[in-house]
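K.L.:
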DNA sequence: ACCTAGAGTTTGAGTCGTCAAACTCATGCG
DNA sequence: CGCATGAGTTTGACGACTCAAACTCTAGGT
Ligand SMILES: [Mn+2]
Ligand SMILES: [Mn+2]
Ligand SMILES: [Mn+2]
Ligand SMILES: [Mn+2]
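Residue numbers (the working numbering), protein chains in the order written: chain R, 478 to 702; chain G, 478 to 702.
(1) Is it the case that the CB of residue 485(R) approaches a heavy atom of ligand 1 more closely than 8 Å?
(2) Counting pairs of Cβ atoms below 8 Å between the stretch 569 to 589 of chain R and the stretch 581 to 591 of chain G, do you hit three or more?
(3) Compute the distance between the beta-carbons of residue 615(R) and residue 552(R), then report whether it is under 9 Å.
(4) Taking 7 Å as the limit between beta carbons, can you name the residues of its chain near residue 698(G), skipping five residues before and five after?
(5) Is any beta-carbon of chain R found at less than 9 Å from that of residue 557(G)?
(6) Comparing the C-beta of residue 644(G) with each C-beta of chain R, is any distance below 9 Å?
(7) Out of 651(G), 504(G), 693(G), point me to the one whose CA is closest to residue 536(G)'s CA.
(8) Out of 638(G), 513(G), 488(G), which has the shortest C-alpha to C-alpha gap to residue 543(G)?
(9) Can you list, in chain order, the residues of its chain with a C-beta nearer than 7 Å to that of residue 644(G)? Leave out the 5 residues immediately preceding and following it.
(10) On the criterion of 16 or more Cβ atoms from any shown chain inside 10 Å, does residue 479(G) qualify as buried, or is it exposed?
(11) Give the DSSP bridge partners of residue 693(G), in chain order.
(12) DSSP has residue 685(G) in a bridge; who is on the other side?
(13) So residue 589(G) contacts chain R; which residues on that side make the cut at Cβ distance below 8 Å?
(14) Out of 550(G), 509(G), 560(G), 513(G), point me to the one whose CA is closest to residue 492(G)'s CA.
(15) When DSSP labels each residue in this structure, what does residue 649(R) get in the three-state scheme?
(16) What are the boundary residues of the beta strand (DSSP E) that residue 533(G) is part of?
(17) Under the assumption that residue 532(G) contacts residue 557(G) (Cβ atoms under 8 Å), give the Cβ distance between them as a whole number of angstroms.
(18) Would residue 653(G) and residue 672(G) be called neighbours here (beta carbons separated by less than 9 Å)?
(19) Assign residue 657(R) to one of three DSSP states: helix, strand, or coil.
(20) Report the rounded CA-to-CA distance for residue 669(R) versus residue 515(R), giving the unit in angstroms.
(21) Under 9 Å, Cβ to Cβ, is there at least one residue of chain R near residue 582(G)?
(22) Is residue 605(R) near ligand 2, with its Cβ less than 8 Å from a heavy atom?
(23) How would you list, in chain order, the residues of chain G whose beta-carbon sits under 8 Å from the beta-carbon of residue 480(R)?
(24) Counting only Cβ-Cβ distances shorter than 8 Å, please list the residues of the stretch 653 to 675 of chain G near chain R, keeping chain order.
(25) Going along the stretch 584 to 614 of chain G in order, which residues come within less than 9 Å of chain R, judged by CB to CB distance?
(26) Are residue 606(R) and residue 657(R) close, meaning C-beta to C-beta below 9 Å?
(27) So is the beta-carbon of residue 584(G) under 8 Å away from any non-hydrogen atom of ligand 1?
(28) Would you kindly report the start and end of the unbroken beta strand (DSSP E) that includes residue 540(R)?
(29) Note the first and the last residue of the continuous alpha helix (DSSP H) segment covering residue 521(R).
(30) Which of the three DSSP states is assigned to residue 588(G) in this structure?
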């Protein structure tokens with residue numbers, strides 16, 4: 478029930494690492510890396526989570542949240558993403574800085590403040606990066622989308638989500654006119670160089686590595702080329 | 478510089494206790510009580526503050542913040558009161574609940590968020606309880622006011638500040654129509670019972686103990702009785 | 001001048017979260 | 001197979017914060 482700030486961070490990290498990992502299991506080392514902590518530290522915390530029935534784990538294996546742990550993680554994720562939305566929509570901060578701010582604020586938001594915030598923002602479904610905001614009951618509505626890297630030359634698409642939370646990535650995208658909701662077209666692809674050239678609607682052409690492009694999710698748009 | 482959440486709480490508590498105390502010194506016991514901690518715990522933390530040049534203290538004496546400590550305390554107080562103002566003005570929470578919420582949020586507000594919040598709120602000078610919000614440079618503008626308990630029968634006044642942060646006190650005042658900015662008149666005083674009878678403009682008469690009334694600050698208004 | 005009640009301090013111990021370094025396991029390569 | 005490599009775990013230690021209980025000082029009465 479009363480998870481410490483540290484426990485909250487672990488739960489959220491495990492949840493997110495678990496989402497990525499193929500096996501649906503979070504390797505302890507990945508969790509440790511996500512939190513900037515040594516593997517040994519993560520191991521001992523995982524034991525605590527297991528004792529609290531928030532996670533399951535077997536020696537030398539991966540971690541997996543229990544339903545209870547998942548529920549708690551979604552609650553934290555909800556706070557995190559609502560706070561990000563508030564910082565951008567109400568306070569006007571840039572989407573490249575809100576992640577770090579929310580990382581601290583998420584732990585200080587009571588259910589009462591959370592609900593008032595949610596109402597004030599008009600019960601948004603997505604945060605500034607296009608990440609779905611889990612609902613109060615724990616439901617998450619992931620949006621249908623594909624990596625921009627899978628588009629072909631000439632394809633049009635709408636940007637729906639940015640997975641990379643790094644400040645410089647987000648600043649680059651904003652400066653290029655690539656924000657959530659923007660439409661764009663793939664001008665060219667250079668597989669040898671590992672680069673795609675993208676033109677946002679009403680903007681100028683920019684080059685991105687396909688790796689970077691794979692962390693930008695889009696929904697294809699009937700091409701009127 | 479980088480004070481922990483705990484240190485921030487001590488600095489704020491010492492500042493506030495110091496404001497109350499006659500000698501301008503905060504008794505360690507009072508600080509401990511304000512933080513809900515044992516006296517021994519407070520003693521050891523005070524030593525840390527002294528080592529960090531945030532406070533001065535001599536054995537068996539009181540604590541006093543250094544200029545550096547005072548500056549830090551005012552910064553925390555600024556965060557606290559701006560957050561309270563936000564919770565009431567923007568999110569619509571009741572003034573009786575925001576103190577506890579701000580007690581946690583104040584530690585998670587970065588300078589950037591603080592400034593955005595300040596701008597969003599229109600750079601307010603007072604919080605919902607009428608407490609002055611220290612400015613970014615550390616200036617505090619205490620408002621001229623006297624305890625309501627010092628009014629005489631028939632006197633009119635405007636409510637400018639409520640010192641008591643207790644939820645039930647604040648709920649009682651709100652329910653009586655006694656909020657910051659309201660005008661009121663003293664209907665009667667019963668020194669024997671230690672009670673005053675107050676009529677808020679446009680409201681019905683309420684009784685309050687003079688002790689409670691002494692924590693409500695007012696500015697007298699030219700009586701048109 | 002005492003002496004004691006109350007305020008403050010010290011001590012010893014515990015929890016939480018962390019690290020470095022030694023150790024153990026699982027595996028896949030030779 | 002056999003074993004080196006890397007992932008994960010254990011151990012011992014530490015800093016920050018806290019408490020209970022023993023101890024010490026100060027100040028006010030008498
Ligand atoms: Mn966090
Ligand atoms: Mn986000
Ligand atoms: Mn606080
Ligand atoms: Mn206040």
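For each residue, glycine too, the CB sits at the ideal point set by N, CA and C. If you're wondering where the values come from, they're calculated on a predicted model, not measured in any experiment.
P.N.:
Judging by the given coordinates:
(1) Position 8 of the first chain, counted from the start, is the residue given in the question as residue 485(R). Yes, the beta carbon of residue 485(R) sits closer than 8 Å to at least one heavy atom of ligand 1.
(2) yes
(3) For the purposes of this step, residue 615(R) is taken as residue 138 along the first chain, with counting starting at 1. For the purposes of this step, residue 552(R) is taken as residue 75 along the first chain, with counting starting at 1. It is a contact, given that the beta carbons lie within the stated cut-off.
(4) Sequence index remark: in the second chain, residue 698(G) carries index 221 (1-based). So the qualifying residues of the chain are 633, 634, 635, 660.
(5) Working through the second chain from its first residue, we reach residue 557(G) at position 80. Residue 557(G) does not count as touching chain R.
(6) Indexing the second chain from 1 puts residue 644(G) at position 167. No, its Cβ sits nowhere closer than 9 Å to a Cβ of chain R.
(7) In the second chain, the residue the question calls residue 536(G) occupies position 59. Cα-wise, what sits closest to residue 536(G) is 504(G).
(8) Locating residue 543(G) in the second chain gives position 66, where the first residue counts as 1. Considering only alpha carbons, the answer is 488(G).
(9) Taking the first residue of the second chain as position 1, residue 644(G) is located at position 167. So the qualifying residues of the chain are 573, 574.
(10) The residue you call residue 479(G) lines up with position 2 of the second chain. The residue in question, residue 479(G), is exposed, as its Cβ has fewer than 16 Cβ neighbours within 10 Å.
(11) On the second chain, position 216 is the one that residue 693(G) refers to. According to DSSP, residue 693(G) bridges with 639(G).
(12) One-based indexing of the second chain puts residue 685(G) at position 208. DSSP lists 673(G) as partners of residue 685(G).
(13) Locating residue 589(G) in the second chain gives position 112, where the first residue counts as 1. Per Cβ cutoff of 8 Å: 570, 574, 578.
(14) Position 15 of the second chain holds residue 492(G). Among 550(G), 509(G), 560(G), 513(G), the Cα nearest to that of residue 492(G) is on 550(G).
(15) Position 172 of the first chain, counting from 1, holds the residue named residue 649(R). Looking at residue 649(R) - three-state DSSP - the assignment turns out to be helix.
(16) Numbered from its first residue, the second chain carries residue 533(G) at position 56. Per DSSP, residue 533(G) belongs to the beta strand (DSSP E) from 532 to 534.
(17) For the purposes of this step, residue 532(G) is taken as the residue at position 55 of the second chain. For the purposes of this step, residue 557(G) is taken as the residue at position 80 of the second chain. With a Cβ gap of about 19 Å, residue 532(G) and residue 557(G) do not count as contacting.
(18) Position 176 of the second chain, counted from the first residue, corresponds to residue 653(G). Position 195 of the second chain, counted from the first residue, corresponds to residue 672(G). No, they are not a contact pair.
(19) Indexing the first chain from 1 puts residue 657(R) at position 180. Residue 657(R): coil per DSSP, three-state reduction.
(20) By one-based count along the first chain, residue 669(R) stands at place 192. By one-based count along the first chain, residue 515(R) stands at place 38. Between residue 669(R) and residue 515(R), the C-alpha separation is close to 38 Å.
(21) By one-based count along the second chain, residue 582(G) stands at place 105. True, the Cβ-Cβ gap to chain R drops below 9 Å.
(22) Counted from its first residue, the first chain places residue 605(R) at position 128. Yes, since a heavy atom of ligand 2 falls inside the 8 Å radius drawn around the Cβ of residue 605(R).
(23) Residue numbering aside, residue 480(R) sits at position 3 when the first chain is read from its first letter. Those within 8 Å of residue 480(R) in chain G number zero; the least Cβ separation is about 14 Å.
(24) none
(25) 584, 585, 586, 587, 589, 590, 593, 594, 596, 597
(26) Against the first chain, residue 606(R) aligns to sequence position 129. Against the first chain, residue 657(R) aligns to sequence position 180. It is a contact, given that the beta carbons lie within the stated cut-off.
(27) Taking the first residue of the second chain as position 1, residue 584(G) is located at position 107. False, no ligand heavy atom lies under 8 Å from that Cβ.
(28) Position 63 of the first chain, counted from the first residue, corresponds to residue 540(R). Counting along the chain, the beta strand (DSSP E) containing residue 540(R) begins and ends at 540 to 542.
(29) Position 44 of the first chain, counted from the first residue, corresponds to residue 521(R). 516 to 528 is the extent of the alpha helix (DSSP H) around residue 521(R).
(30) By 1-based counting over the second chain, the position of residue 588(G) is 111. It is helical.
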